Every structure is written in structure tokens, then in C-alpha cells.
Amino acid sequence: MTAVQPAEDQHFEATVPLLVVGAGACGLTAAIAAREAGAEVVVLERDASPSGSTSLSSGFVPAAGTRFQAQQGIADSPAAFAADIQAKAKGKACSGLVRLVTEAAAPAIEWLSDDHGLGFHLVTGFKYPGHRVLRMHATPARTGVDLEARLLQAARAAGAEIMTSARVADLFAATDGRIRGLRILRPDGTSETLGCGALILASSGFGGDPDLVARHIPEMKDAQYFGHAGNRGEALRWGEALGAGLKHLGACQGHGSVATPHGILISWALMMEGGVQVNAEGRRFSDEHAGYSEQALAVLRQPGGVAWDVFDERLRALGLEFEDFRNAEAAGAIRQGATPEALAEATGLPSGPLSETLKSIRRSQAGLQRDPFGRDFTGKPPLGAPYYAVKVTGALFHTQGGLAVDDQARVQCTGGGSLPNLFAGGGAACGVSGPAIEGYLSGNGLLTAITLGRIAGRHAADLLRA
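Take any residue in the sequence shown, note its place counting from 1, add 941, and you have its number in this note's numbering.
Here is the structure:
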């Protein structure tokens, strides 16, 4: 169990000006920014090979007002982005934090592309739920694995040292809350202590700890966890012991489209471009455009906690642009039928209700009836033969609540003010999704990882120079 220990009389085997806990998007971005500002940085990663939540993500980072948008003729602004975030969160996201990260996103994306070779581009062809314009940016392979690999390469090129197989077990803090160092555990059971001048927590959230999930997000306690097993809430526990403010712990990113039993993410782009979900009875049960995070709950409420994504050849071609979908197809997760009846036979769904569902969708697409769930089908082509389907379940991806931070990404105290030299970002910090699962807007996780990482790295370096 992790703990905060008194720093008095603690001897450190070595001292580093800046330590970063976690080598995901937040930690690596923080390391790049701090190195650029002249600080010596060591990133501590618990795994033998850095991956974490970033590698498991789509790798899409939203930003407003980038030159990549302008090149596509898209007018956007941080204010419009902030409005979309608050609309999804029903106005309950922290307004100052929303303003901070939406204004920081475009400069961060262009900085990582221009100065550090990440090669971002604007993802075109479809919009994610809640975004009024195209604003997702991705590295060339359009995967979280590619984003992680390019950030890791950039951090090393910038001169950051990445120490792997180094699980942080304890923090050492002075009576004023100043972090003096930490203890790391190695896989062979040995330990080391490192002193520091400043510390950045980028160790993600608590989705991998069933007890914390049950306590703070009870509606997701039985959901499949699709995040990194190492997200055990250490930052939350350290912060709580230090008197840090904790905020919006009920927020999280769910997803209503994880192929089961294969455990492969099926892109929500299929739903946004005309696909639908049906339950084991062959019937739709929700507006699929409301958002894929809250759709996790909608799917889990269905018989057996499963649903089927139903789409056609046009949408299959779209899916094949994503590596995860290609993997799902290679694994045999995708079923096919030349007719609704054939698809029902391939999936085990009841033929009559499935056929009627597809007919009802066509009537809605033709404008002949209103969709009972409020979805507008008129803007997309009708589904046509051959049909495809994949069995999916709802899953918990990562938590969105955490340590309260100020506009320098410094961890705030419950009684006011900030801890002297502790910073946080990404899943370790409170995000911009408000207090509940339905507040998650696509990309919010990587948005705060990249922006707060850069902000934390810069201000930690400034602190060390002072």
C-alpha cells in the first residue's frame, strides 16, 4: 500500500531536480516541456515498457483553433470548444479548468508537431458526439500506441531519462507539505529512494482499483475494466494524505462498444455515421448519438449486459481505417448477413424484431417517422445489404475525477492555497467532465493529459529556477 512518510531525517540515495510519476501522455509531455525549459528530469514508470492508458486510447486529442483545422477550412475557437465541454457536462465542469485547457490545447498540439516531430493531423470524415466541428487530432497511425511511442521518442530526444520497472511506493513530505522525495520498488523486491526539488503526478486514475470504483462510481463497479491495470489510485491516496482537494470522483469515461469476449474497442464512428445498437431481443434501446461514455450504462442495463453494433458495408469500410476494428475482424468478432434474416441467423438474434428494427430505421432516415429515442437519422445514408454486426458490452475506460489543480497544474489544498512543489495532470488530476459519467466529451482524457502535462512541466521548471 502506498503512503506518505515524514521526510525528516530521510536519506536519499540520489537527488533529481524534477521527478515525474508515470510515462503516459501527461508524464511524457511534462518531461518534454520541463526539459525544454532547462530542468533535469527523470520519469518513473512502473511497467517494463511504457504504455498505460495512452496506449489503450484511440490516440485522438481534441483542440480548437489549430492550423490543421484552418487548412481544412474549419473555423473553431477555444470558447466554442469550452461551450461544447460544458454542454456535455451540463455546466458542471470546473469553468476555470475548462478555459485553461481549451486555450492551451491548440498551442500544445502545434508545439508537439512542429518542435518535437509528433506529426499530428486533423481526423476528418466523422464527428464525435458533442463536438460541433471536426477537432480531433491524431498522429499518423491514428492509435494510442503510436501516440505513446512518438511521445516517448520525443521525451528521450529532449534529454529526459525514463526509468522503467520503477513503481513508486511512498512519498516523503515535510511538515509544510513539500515533497522531498520518494521510494521506488523494483520487481525483484529491492527499493531505492530518490530526492527531488519538485514532483509531477501523472500516474492516471483509479479505475484499476475495484474498491475505489465501488466507492466513487458505484454504477460502474460491475463493468468490465478496459483501462490499464496499474491505474490503482496512488495519486488519489497520496493527495488525500497530504490534505489535497479531491474533486468530481464520480466522473469517468465509459464506452458502450467493446467487442465481447474479444475485448477489442469498436470505434464509435460507426454509430455516428449511421450504425445502430440493438439488444438481445433485436431492438434498439437508446439514442446512440447521446455519447459513448453514458452508452456504457445503457448497454449494461440490457439483457446479459450486452448489445450488438449493426452496420453495413459502407460503415465496415470506415471501420477498417482503425487498427482495432481490423483486429476485431481478424479475431472473428464481426458477423455478416446478406439480409436481415441472414444476419439474425449469424448472430442468434430474433429475426422478426431485427428486421422490423431495420425497417423502422429506414423510415426514420426517409423522414417518414420520428425516432422514438430522438435520434436524427436523416443526414446519413440508409443501412443496406450486406449487413454486419459485432457483439459488444459496456466498459469503464478511465476515471475523470482526481486532485484539484490550479492554473499552473499545482495541486490545491482543501483549506485553500496549493502544495509547495507538487503538480498533477491527466488522470491524476480532476478533469473537465463534471461529476458524472454522462459528462464525458470525446477526447477529454487526452485533452487534460497533454495540456496539463505541458503546463505542469513548464511551471515545475520555473519553480526549480526560482
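Every residue, glycine too, gets a C-beta built ideally from N, C-alpha and C. Quantities reported herein were computed from a predicted structural model and do not represent experimental measurements.
Are there 16 or more other CB atoms within 10 angstroms of the CB of residue i, so buried, or fewer, so exposed?
{"i": "K1332", "result": "buried"}
{"i": "G1232", "result": "buried"}
{"i": "A956", "result": "Looking at the sequence itself, residue 956 is Thr, so the reference to Ala does not match. Under this definition T956 is an exposed residue."}
{"i": "P1019", "result": "buried"}
{"i": "L1261", "result": "exposed"}
{"i": "G1245", "result": "exposed"}
{"i": "K1300", "result": "exposed"}
{"i": "T1065", "result": "exposed"}
{"i": "E1229", "result": "buried"}
{"i": "S1132", "result": "exposed"}
{"i": "T1084", "result": "buried"}
{"i": "G1180", "result": "buried"}
{"i": "Q1353", "result": "buried"}
{"i": "E949", "result": "exposed"}
{"i": "E1286", "result": "exposed"}
{"i": "P1202", "result": "exposed"}
{"i": "A1271", "result": "exposed"}
{"i": "E1214", "result": "buried"}
{"i": "D1253", "result": "buried"}
{"i": "T1298", "result": "buried"}
{"i": "R1156", "result": "exposed"}
{"i": "P1281", "result": "buried"}
Could you spell out where the alpha helix (DSSP H) holding residue i opens and where it closes?
{"i": "D1055", "result": "S1036 to H1057"}
{"i": "S1281", "result": "This sequence places Pro at residue 1281; Ser is not what is there. Unbroken alpha helix (DSSP H) run through P1281: P1281 to T1288."}
{"i": "H1157", "result": "P1151 to H1157"}
{"i": "Y1233", "result": "Y1233 to L1241"}
{"i": "E1181", "result": "E1175 to A1182"}
{"i": "P1294", "result": "S1292 to Q1306"}
{"i": "R1257", "result": "E1254 to G1260"}
Spatial neighbours of residue i within its chain, please: CB distance less than 6 angstroms, with the 5 preceding and 5 following residues excluded, ordered by chain position.
{"i": "R1257", "result": "Y1329"}
{"i": "E1175", "result": "T943 and S1144"}
{"i": "S1305", "result": "D1312 and F1318"}
{"i": "L1290", "result": "G1223"}
{"i": "M1212", "result": "E1229"}
{"i": "R1351", "result": "S1359 and F1364"}
{"i": "R1437", "result": "Residue 1437 lies beyond the residue range present for the chain, which begins at 942 and ends at 1407; the question has no answer from this structure."}
{"i": "F1461", "result": "Nothing can be reported for residue 1461: it is not among the residues displayed for the chain, which extend from 942 to 1407."}
{"i": "R1124", "result": "A1110, D1111, S1132 and T1134"}
For residue i, collect the residues of the same chain with a Cβ closer than 8 angstroms to its Cβ; drop the 5 residues on either side in sequence, then sort them by chain order.
{"i": "D1403", "result": "A978"}
{"i": "A1047", "result": "A1004, A1005, G1006, T1007 and P1019"}
{"i": "V945", "result": "D1111, L1112, F1113, A1114, W1179, A1182 and L1183"}
Between the Cα of residue i and those of the options, spot the shortest distance and give me the residue it belongs to.
{"i": "N1362", "options": "A1407, L1388, V1373 and I1378", "result": "A1407"}
{"i": "L1344", "options": "A1182, G1325, G1195 and G1308", "result": "A1182"}
{"i": "G1325", "options": "D1111, L1284 and T1340", "result": "L1284"}
{"i": "H1062", "options": "V1042, L1405, A1005 and A1365", "result": "A1005"}
{"i": "G1060", "options": "E1044, L1190, H1078 and G1071", "result": "H1078"}
{"i": "A1096", "options": "P1327, I1026 and C967", "result": "C967"}
{"i": "D1434", "options": "S1132, I1103 and A1170", "result": "It is not possible to answer for residue 1434, since the shown part of the chain is limited to 942 through 1407."}
{"i": "G1308", "options": "P1048, P1294 and P1323", "result": "P1323"}
{"i": "F1001", "options": "N1385, F1364, R1395 and R1399", "result": "N1385"}
{"i": "S996", "options": "K1068, D988, A1090 and V982", "result": "A1090"}
{"i": "A1274", "options": "E1282, E1286, T1298 and W1249", "result": "W1249"}
{"i": "Q998", "options": "V1086, G1367 and E1051", "result": "According to the sequence displayed, residue 998 carries Ser and not Gln. The option with the nearest alpha carbon to S998 is V1086."}
{"i": "F1263", "options": "P1081, A1369 and G1357", "result": "P1081"}
{"i": "L1093", "options": "A1024, W1052 and T970", "result": "T970"}
{"i": "K1031", "options": "G1130, G1204, E954 and I1378", "result": "I1378"}
{"i": "P1294", "options": "V1219, I1158 and I1396", "result": "V1219"}
{"i": "S1106", "options": "T1116, R1127, A1098 and L1088", "result": "R1127"}
{"i": "R1255", "options": "T1288, D1056 and A1210", "result": "A1210"}
{"i": "T1355", "options": "V1346, V1039 and G1186", "result": "G1186"}
{"i": "A1045", "options": "L1259, D1348, K1321 and G1130", "result": "D1348"}
Just to confirm the assignment, what range does the beta strand (DSSP E) spanning residue i have?
{"i": "L959", "result": "A955 to V962"}
{"i": "I973", "result": "I973 -> not in any beta strand (DSSP E); alpha helix (DSSP H) instead, spanning A966 to E977."}
{"i": "I1275", "result": "I1275 to G1278"}
{"i": "R1406", "result": "Here R1406 belongs to no beta strand (DSSP E); instead the alpha helix (DSSP H) covers N1385 to R1406."}
{"i": "I1103", "result": "E1102 to M1104"}
Within the same chain, show all residues whose beta-carbon is closer than 7 angstroms to that of residue i, passing over the 5 residues directly before and after it, in chain order.
{"i": "D1017", "result": "A1005, G1006, Q1010, V1074 and R1076"}
{"i": "A1034", "result": "I1026, Q1027, V1373, S1374, G1375 and G1380"}
{"i": "R1267", "result": "L1261"}
{"i": "V1217", "result": "R1225, E1229, V1251 and I1302"}
{"i": "A1279", "result": "A1326 and P1327"}
{"i": "G1367", "result": "G965, A966, C967, A1143, S1145, T1389, A1390, L1393 and G1394"}
{"i": "F953", "result": "G1122, T1134, L1135 and G1136"}
Pop quiz: residue i and residue j are said to be a contact at Cβ under 8 angstroms. What is the actual Cβ separation, rounded to whole angstroms?
{"i": "C1137", "j": "L960", "result": "4 angstroms"}
{"i": "G1197", "j": "Q1165", "result": "About 11 angstroms separates the two Cβ atoms, so there is no contact after all."}
{"i": "P1070", "j": "S1383", "result": "6 angstroms"}
{"i": "G1342", "j": "L1190", "result": "4 angstroms"}
{"i": "D1163", "j": "S1208", "result": "Rounded, the Cβ-Cβ distance is 25 angstroms, inconsistent with contact."}
{"i": "R1121", "j": "Q951", "result": "7 angstroms"}
{"i": "A1101", "j": "A972", "result": "4 angstroms"}
{"i": "P958", "j": "A980", "result": "6 angstroms"}
Would you check whether the ligand FMN has a heavy atom nearer than 7 angstroms to the C-beta of residue i?
{"i": "G1278", "result": "As for the ligand FMN, it is missing from this structure, which has no ligand bound."}
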